[in-house]
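Oh and the sequence shown: position 99 is 99 in UniProt numbering, straight run, nothing missing.
Each remark here refers to the structure printed beneath this line.
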Amino acid sequence: MCDIETDGVYITRTFKKSIDNDDNSSKDKQAFLSSLSKFSQAGSETDCATLLETIFNFAKKKLKFNDNEKKEVGTLIKKRLEDILNFLFDFAVDFDPTKEISPFEYRSALPVILEDYKDFPTNVSGERLQKSLNEILLDDDTVSEMDEAVKIWRSYVVSESQKYSVNDLRRPSGISDEHSWWF
1 MCDIETDGVY ITRTFKKSID NDDNSSKDKQ AFLSSLSKFS QAGSETDCAT LLETIFNFAK
61 KKLKFNDNEK KEVGTLIKKR LEDILNFLFD FAVDFDPTKE ISPFEYRSAL PVILEDYKDF
121 PTNVSGERLQ KSLNEILLDD DTVSEMDEAV KIWRSYVVSE SQKYSVNDLR RPSGISDEHS
181 WWF
């Protein structure tokens with residue numbers, strides 16, 4: 001009898017934990033979609049920065065979207081893709097390491113958009129986000145400019161930063177090894 005109760009409690013706790021994880025996943029998705037929606041409507045630099053940080057944090061957790069969410073994400077990113085890339089380009093070109101703002105999270109958000117979301121559908125029947133990416137990225141230097149900002153940042157942190165250390169340059173768990181700008 002005691003063993004059955006123990007197993008019952010264990011199963012209940014395991015089930016509760018699973019529900020809690022689903023709730024957290026749902027909250028994370030809602031925060032992501034809210035941030036994306038806010039940026040798609042207003043589009044301020046602050047909203048774009050928040051969106052990129054949210055994309056980075058969402059990718060770190062390796063959360064997945066269902067088909068309806070993919071369409072919403074694809075549609076909203078398509079709508080403001082040029083603004084996102086312009087923000088990143090301007091950030092990289094005007095990058096000043098003494099402001100102590102790390103470009104690493106922004107740089108990691110970029111391949112999430114370019115690679116992880118490219119097959120997301122948009123509001124146009126049969127269209128994928130990849131089509132918009134191809135059109136905009138044809139003559140775009142955002143990736144190379146962000147890579148240059150990362151080089152400047154790495155040098156600055158190693159030699160001069162008062163706020164960050166080399167430990168802050170280490171790739172966070174959950175971020176792909178392909179994000180080679182992290183240590």
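Cβ atoms here follow ideal geometry from the backbone N, Cα and C, with glycine treated the same way.
Arg128 carries a strand assignment under DSSP once its states are collapsed to helix, strand and coil. According to DSSP, residue pairing for Pro172 in a beta bridge does not occur. Assignment of beta-bridge partners to Pro121 by DSSP yields Arg128. In the DSSP assignment, Asp47 falls within the unbroken alpha helix (DSSP H) covering Glu45 to Lys60. Distance from the CA of Lys151 to the CA of Gln41, rounded to the nearest whole angstrom, comes to 33 Å.
If you draw a straight line from the Cα of Leu133 to the Cα of Glu160, it comes to about 37 Å. Leaving aside the five residues that flank Gly43 on each side, the residues in its chain whose CB is nearer than 8 Å to its CB run, in chain order, Arg80 and Asp83. Taking the CA atoms as reference points, Glu100 sits about 8 Å from Gln162. For the options Asp119, Lys70, Trp153 and Ile175, the alpha carbon positioned closest to that of Val166 is the one of Trp153.
Here DSSP, grouped into helix, strand and coil, assigns Ala109 to helix. For Ile84, the three-state secondary structure derived from DSSP is helix.
Here the C-alpha atom of Met146 lies approximately 23 Å from the C-alpha atom of Asp119.
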